[in-house]
Structure formats: structure tokens, C-alpha cells
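Worksheet for the structure shown next.
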Amino acid sequence: MSKNPNNDFFLQSGNPEGGGVPFLPSAIASPSERRLRVAHPVAVSVACQSSEDFEAQSLDLVLRSLRTFQDANPFKQLVVGLSGGSTPGPLYAALRQTAIAHAERDKGQNSPASGQHSSGASSHLAIDFSRVSFFLVDERYVPPTHPKSNVRLVMEELFGQEVWSDQEAGGAMSFRPTAYSWPHPDFDFSFPDTSLPLEQCIKKYRESLSNLLWRHGGVDLLLLGMGDDGHIASIFPPLSTTQYEAATCPSTIVVHSTTDRFDVHDRISVTLQLLAGASRKVFLIKGESKLDTWFRMESSPEQSPLMFPAIEVINSGGSYVVSFPSIDDFSRRRRNANRLQLRTQSTLSMREMHHLSVIVFGASGDLAKRKTYPALFSLFCEGLLPPNVHIVGFARSKLELGEFWRQIAEHLTYGIVHLLLTSGDGYDDEVALKKLSHHLDTLEGLEGKNNRLFYLALPPQLFALNVRSIRKHCWALKGWNRVVVEKPFGRDSESSEKLSNELMEVLQEKEIYRIDHYLGKEMTLSIIALRFANVAFKHLFHRHNVRCVRITFKEDIGTKGRGGYFNSYGIIRDVMQNHMLQLLTLIAMEPPASLSDEDVRDEKVKVLKQMPPIKMEETILGQYTASLDGTQPGYLDAGKALEKRCTEIRIQLRPIAQSFYPEEDLSENELVIIVQPREAIYLKFYTKKPGLASGLQLTELDLSVMDRLQVDRLPDAYERLLLDVIKGDRQNFVRTDELREAWRIFTPLLRQIDEPGVKPEPYPYGSHGPESAYSFIQRFYSYHKEARYQWHAKH
Numbered sequence: 001m002s003k004n005p006n007n008d009f010f011l012q013s014g015n016p017e018g019g020g021v022p023f024l025p026s027a028i029a030s031p032s033e034r035r036l037r038v039a040h041p042v043a044v045s046v047a048c049q050s051s052e053d054f055e056a057q058s059l060d061l062v063l064r065s066l067r068t069f070q071d072a073n074p075f076k077q078l079v080v081g082l083s084g085g086s087t088p089g090p091l092y093a094a095l096r097q098t099a100i101a102h103a104e105r106d107k108g109q110n111s112p113a114s115g116q117h118s119s120g121a122s123s124h125l126a127i128d129f130s131r132v133s134f135f136l137v138d139e140r141y142v143p144p145t146h147p148k149s150n151v152r153l154v155m156e157e158l159f160g161q162e163v164w165s166d167q168e169a170g171g172a173m174s175f176r177p178t179a180y181s182w183p184h185p186d187f188d189f190s191f192p193d194t195s196l197p198l199e200q201c202i203k204k205y206r207e208s209l210s211n212l213l214w215r216h217g218g219v220d221l222l223l224l225g226m227g228d229d230g231h232i233a234s235i236f237p238p239l240s241t242t243q244y245e246a247a248t249c250p251s252t253i254v255v256h257s258t259t260d261r262f263d264v265h266d267r268i269s270v271t272l273q274l275l276a277g278a279s280r281k282v283f284l285i286k287g288e289s290k291l292d293t294w295f296r297m298e299s300s301p302e303q304s305p306l307m308f309p310a311i312e313v314i315n316s317g318g319s320y321v322v323s324f325p326s327i328d329d330f331s332r333r334r335r336n337a338n339r340l341q342l343r344t345q346s347t348l349s350m351r352e353m354h355h356l357s358v359i360v361f362g363a364s365g366d367l368a369k370r371k372t373y374p375a376l377f378s379l380f381c382e383g384l385l386p387p388n389v390h391i392v393g394f395a396r397s398k399l400e401l402g403e404f405w406r407q408i409a410e411h412l413t414y415g416i417v418h419l420l421l422t423s424g425d426g427y428d429d430e431v432a433l434k435k436l437s438h439h440l441d442t443l444e445g446l447e448g449k450n451n452r453l454f455y456l457a458l459p460p461q462l463f464a465l466n467v468r469s470i471r472k473h474c475w476a477l478k479g480w481n482r483v484v485v486e487k488p489f490g491r492d493s494e495s496s497e498k499l500s501n502e503l504m505e506v507l508q509e510k511e512i513y514r515i516d517h518y519l520g521k522e523m524t525l526s527i528i529a530l531r532f533a534n535v536a537f538k539h540l541f542h543r544h545n546v547r548c549v550r551i552t553f554k555e556d557i558g559t560k561g562r563g564g565y566f567n568s569y570g571i572i573r574d575v576m577q578n579h580m581l582q583l584l585t586l587i588a589m590e591p592p593a594s595l596s597d598e599d600v601r602d603e604k605v606k607v608l609k610q611m612p613p614i615k616m617e618e619t620i621l622g623q624y625t626a627s628l629d630g631t632q633p634g635y636l637d638a639g640k641a642l643e644k645r646c647t648e649i650r651i652q653l654r655p656i657a658q659s660f661y662p663e664e665d666l667s668e669n670e671l672v673i674i675v676q677p678r679e680a681i682y683l684k685f686y687t688k689k690p691g692l693a694s695g696l697q698l699t700e701l702d703l704s705v706m707d708r709l710q711v712d713r714l715p716d717a718y719e720r721l722l723l724d725v726i727k728g729d730r731q732n733f734v735r736t737d738e739l740r741e742a743w744r745i746f747t748p749l750l751r752q753i754d755e756p757g758v759k760p761e762p763y764p765y766g767s768h769g770p771e772s773a774y775s776f777i778q779r780f781y782s783y784h785k786e787a788r789y790q791w792h793a794k795h
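616 is the number that UniProt numbering gives to position 616 of the sequence shown; each next residue is one higher, with no gaps.
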């Protein structure tokens, strides 16, 4: 038995007397099996224009569902799960009236009704109600005569039976038919007998329901509601991980739950596992408050069944939602209201922020001109910076402001906001920094908070010197201070640790934002959503399914003016230890506890800690013939002056264990994520050749969103990351322990490469790289390249 801290929910797995559940119907698959077979989980919406229309549409969907199932299997006894509450009452009464009308029409016929009557209305569909069994999804532990008893609701509204307590039989539950009872007196209805002690009630209901499902092979149709708090059946969120595992355990179908939110504390409920296993689920959602909950569930960025248990049911497929007001209309109104609210909140939050000063050190450098200023100005022109923003450049160059504008203007797409340029003899020049501080105080004034973002577009050896001076002379006393530093964060473990220690002497971890611009790229940000928001991909990333992962970084240019940098650092330090390793952690990480910055970064660090240092024998070194830069290790595959420019992740799956097709040497399924130059995601798989031809055809399932959603422009990575700094979101920035582990992996290899006598393998400028690279990858990683297949981006 498990219980959460809020004392809201118990889950009791297995038989309370120690016995196991005697069956596991095929309709109740395990969560992993169920999710793997779902391609596009969604609840089909049935819109209603009035309360009467809601009842009519609900009845129509139920009748058509029953008719569909009976047509598909004329001899099967259908199993229908029923919910309680006020919403389904009129539906049950209408269903009883329909069954009575069917029975009256069928009197005198020699065989059960089949087909459809002439009117064509759903109420006239020929349904054999004698071949429908029912069970109760959940029940409050109250006497069966209690007004809030679900058993009483179903017996009165659906079956037309009066519920009474037989005092002579010790209070046992009894039923009396009324004049308009269900037309089949021997109806099959499984329910919890709440006249019994609680544990006995649960045990008896579990046995009864197990027997029902064993005889008839699983649940065909399920009628569900949703509470204002998001609960379905009697499963109340939020669920802990332990509670969720118990609710989806294949070995139990009935649980005891509790809640303090309603006046009836103890509940008996079927499990999420059983609900999700139904062939068709119909949610009946009526009223603004419940629609609001449904809207929050649909628009939730995490889409977690821990917060919305209905997601577990919807993700299994076959779900419908009948709503009044219409969910589509309600969602449209809510989104419009949310947009207005967001604009209002954004305006208020900007006012509350008061002043934001962005101080760029290294203001006349290449990085600041190409990336920092264009990103800041784009954010300003998009209205994403607060009104009282000041961008201040600090440089050692003695530039006039007009000359400075001329230099950066070619890199700007949008108009300009007021910018101040100041200079000093160095980044620790006390006189210049005091002057800068005075400028900032003048710009910001004395009222409100003065938030300051210090962007260090400087070589790493100047970080500590600059930060100590900033802290001494320019630190905001009212508001936050955040320091952004650019890679490289050292040359190896020792230099990186020294640099981190120097920064930590002056700053707190929460004040340091180490930028890796690959973490701001659209496809990089999409990896977490792809993996953890789509049940279809949940198990694709499992080691039992993945044959190999290849991450490739290629550039079709050489060092192009950065020869001095590459002679000192090389491509391992430039892209592999940071950009490519970050991509690898996002592919390999376990699901985080939440999407908070610390939870996500914790999981990335766990991946790095599992990686041993890279050895020389696991590496191919390459050098294009025109310069002394470039490496091409296997698995993480990077180089300059190659045949094309691209960064991509290829996740190649294992071959199927037994192929029924005669084709030989089939390439494996492969998920490809193209980070640049054109963002794309596609899955390579086989389908039948079209037309009269037989055999298999390799094609792709294109998951790219640029064309489908008609996105005109994606923000630059620096735009996104600078906005994250302003918002205080650190998820896409490198933490100190993350940096430490990354250098631990590469430092031994870098030391070996620096030893005398190590010679890289030359390759021609513009080629595919070292000739030995492909055979090397095959030897270690069994990467199967399909030379015949080419993916073409849509234009």
C-alpha cells in the first residue's frame, strides 16, 4: 500500500488476502506494450450546441459503438464500464428507454434483431442488449441506498431498479424492479457491494470483475467523466511515481483510493491499466469548470499522467470526448483570453523588472558584433525586452560611437535601440569601470529594481579578472546580477577547474550562465519534447532497440581566419567537448523528474558520469591538407573542410529478429535529427512498394514542423539563450559539475594527441574525410550506411 504526502491516495496492489489476479486478458496490455502500438494518441472531439444536444450526441456515440462491436463479433458478449456522478445520469435513462423500445419492437421475431431499421437514426440501430454486460468503474464507500452511491445511480437510471437495504438480512443490498425496468431481467452487472466491510468489498469486487473479464475477453466500451481537479474514476492527482506504477500494474484491476477533497473519503476504483486497455473510451465533459480542466490537460507542456491521469487513457488510443460547451469553442476562447492575459502579465512583469542593463564586455569584438548585438536587437524589436532596457558596450578599443555603429550595422536585421559605448585600458581598469558604474546609475535612476546582465565576450583568461572588477565596481545592489561567459571554458580538466574555481570565488552558481549556443538551437530544444512528450518514442531510445547512435558535425569551410585559435584549441575542444557532448546527453538521458533546470541538468550529468574517458585507440585523427586543424573520432564525428556543412544525429535501430521478406541487406530503421543547416526530423522505415509491384520500399515519416506549421523564421540560438538569461531559466546552460565531467572524458585523449609523434591522417579539402573513418566506425559501432537512399527536404 502506498500513500502520498497529501494523504490523498492509496493504491493497494494484488489481492488483500494474498491471492493473485487469476487472469490477464489481451485487452489489458502492459503500459509499454500499449504505448508502443499507439501511433497518434488523441481524443476525437464531438461538439455539442446545447445540453439536450449533449445527451443526444452521447447516446448516439454509445449506440453506434455497441453496434460496431456487435457487427465485428456477432457472438461476443460486450463489456461496458460505467461511471457515476451527475453527468451520465440522463444518458443512462435514455439508454434504458432505447433498450425497452428495442425489446418491444423485437417481440414476436424469431431471431435476434440485426441490421438497421429504416429510419437510420442511431436510436433505431438494431442492438442486442442481452449481449451487453456492465461493470462499475468506481464507487464511493457509502451504503448502497446513499444518495451519492454510484450503484444506486446506475441501478435506478439504467436498469430501472429501486435499491433498498434488507435489514432482516443484516443490511444486505437488494433491488426491486419498477414499471420501466431494463427489458432483460437477468442483466449482468458487476459492482462493489458496499454493504460489506471495506476489505471484503474490494476482494469480492475484484473477483467478480476478474471473472467477468475472463469470460468475455476485456473491456469494449468505457464511459468516463473528469472531475474539476483532473481525477478520473477515483484516481486523484497528483500521483507519486509509486502510485502511478501501482495504478498501471498489469497484475491488479481494482484498488482502494482515498481523498480528503470530497466528503466521501474511501473509494473503490478500477486501475488506469484497466481503463487504458478498453477498446473505446468515451469521456463525457459538461460544464465550464471541467472543460477548463480538460483544456489545461491538453495545453500542459509536460502532458504527465501524474498530474492528469486521463492522459494515460487517451495515450492508449480509441478515445472520444463529448463536450458541452464545445471543447473547440472553449479552447479558442481560452487561448484568446490567455493571449490577452499573457500580454497583460508580460507588460506587468516588464514594469516590475523596472530597469534592465545589458553590459557587453568585448563590445568591439567579432562575437559581439555577429551574435550578441543582433540577438539583443531582435529581442527588442520583437517586444521581448522590458521597456527600460539599456545596452552598454565596454571595449578596450578607442572607438567613436559612429564608427562603432558602422561596424555592427551590417550584422543587424532590425532597427536600433539606444546604446552606450565606453572604453578602458583593460577589463580591470578601475577608472573606466567606475565611469561605467556611474553611467549605469544615471540610466537606471534610483527607483525600482536595477537588474544587470554582464556578457563576457572575452577570452577565458580574462574572465576572473573582469568578474572581480565588475563585482567591485558595477554590481547592482537592488535587483539581480547575472554573468554570461562564452566557451572555451578552459583547455582541459585542470585549466577548466581553475577557471571555475576563480569564478566561484566571486559568483554563486546561480549567477553564472555558460553559453553553449547549440543548446539554443531549435532541433536541440526539440529532443526533450520528442522523447518525453510522445509515447510512440518512449521505448525507441532503449538500448534493446538502438543499434548505434552517430552524431556528426561537418563544415565545408576551413579555419577561415581562425587558424590561430584552431592551432591552439583544435576541433575537439571547439565542438566535441561541448556541442556534440551536449547533444549526446540529451539523446541518452533518463526522463527527468520535471522540466525544471536542475532536474534536466541532473540527468545530463548522470549520463556523463557513466562515460569512461575516450582512448586513443577509439579515435581516428584527421587533418585536411591545407591546415593543421580537424579531428574525426568515431561515434562523435567532427571535421572541417569536408564535402558539406551539416550537424545531425542518427539513431539507428536494431534489425528485426526475423524478416519475412526476401530482400537481403536491408538497412535498419533510423531516426534522423538534422540540427543544421535546415532543421528536420524524419524516421526511415520500409513500406510496400506502391502499385502492383511487390517487395519493400524505403521511405520516411517526416516529422519536420517548419513547412507544416508555416514557420517563417526561427529565432537565432543566441536570441533564445539571452532571453533565458533574462528570465532566469538555466536549463540550457552548462553547470559546473557538467563541465567538469565533460573535460574528464576528453582530457586524457587530448594529452595523448599533444604528445610528439602523433600524426593525423590527411584528407583532401572538400572530401568525406579520412578514408579509414568509415571502416573504423563499422568495426566499433556496426553503423550501416544506406548509400542508395537520400532524404530531400521539402521546399
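Ideal placement from N, C-alpha and C gives every residue a C-beta, glycine not left out.
Judged by DSSP secondary structure, K684 falls outside any alpha helix (DSSP H) and instead within the beta strand (DSSP E) spanning 680-688. C-alpha of Y141 to C-alpha of I127: approximately 34 Å in a straight line. Under the three-pair Cβ rule at 8 Å, the stretch 175-182 does not count as touching the stretch 226-234. C-alpha of Y244 to C-alpha of V80: approximately 24 Å in a straight line. Here the stretch 133-150 makes contact with the stretch 205-225; the two share three or more CB pairs at distances below 8 Å. In this structure, H517 lies away from L367, with their beta-carbon atoms at least 8 Å apart.
Proximity to S190 across L82, R96, I285 peaks at L82, based on C-alpha coordinates. L221 carries a strand assignment under DSSP once its states are collapsed to helix, strand and coil. Secondary structure note for H439: its alpha helix (DSSP H) is the uninterrupted segment 430-444. I527 and I673 do touch by the CB rule: their CB atoms are close to 7 Å apart, below 8 Å. Excluding five sequence positions before and after L158, the CB atoms of its chain that fall closer than 8 Å to its own CB belong to L82, Y92, A93, L95, R96, F134, W182, given in chain order. By a beta-carbon distance limit of 8 Å, N578 does not contact K478. Their separation comes to about 35 Å. By the neighbour-count criterion, in which a residue is buried when 16 or more other Cβ atoms sit within 10 angstroms of its Cβ, E755 is exposed. Contact between A457 and G383 fails: their C-beta atoms lie close to 25 Å from each other, not under 8 Å. Within the same chain, H473 come within 7 Å of K434 by CB-CB distance, once the 5 residues on both sides are set aside.
When only Cα atoms are considered, C646 and F541 end up about 23 Å apart. Beta-bridge pairing by DSSP links M173 to S165. E104 and L125 have their alpha carbons spaced roughly 14 Å apart. In the structure shown, S357 falls within a strand segment according to DSSP collapsed to helix, strand and coil.
When C-alpha distances from P237 are compared across H216, L272, L221, W214, the shortest belongs to L272. With contacts defined as CB atoms closer than 8 Å, I285 and V270 fail to qualify as a contacting pair. Using a Cβ distance threshold of 8 Å, R482 and V725 count as a contacting pair. Annotation: T258 to C201 spans about 15 Å, alpha carbon to alpha carbon. Y455 sits in a strand when the DSSP states are folded into three classes.
Relative to V549, the option among K371, Y765, L653 whose CA is nearest is L653. If you compare the alpha carbons of G490, E511, F394, D597 with that of T747, the shortest gap goes to G490.
The beta carbons of S319 and I311 sit no closer together than 8 Å. A buried status is given to V360, since no fewer than 16 other beta-carbon atoms sit within 10 Å of its beta-carbon.
For R67 and L78, the gap between their C-alpha atoms comes out near 10 Å. Membership of Q57 in the alpha helix (DSSP H) is indicated by the continuous run 51-72. The beta carbon of G445 sits closer than 8 Å to those of H355, all from its chain and outside the five residues before and after it, given in chain order. When the beta-carbon positions are compared, R744 and S493 come within less than 8 Å of each other. For I314, the three-state secondary structure derived from DSSP is helix. In this model, P325 and A56 are separated by some 14 Å (Cα to Cα).
Inter-residue distance for A742 and L608 is about 7 Å (C-alpha atoms, whole angstroms). Counted as a single uninterrupted DSSP element, the beta strand (DSSP E) harbouring F553 occupies residues 546-554.
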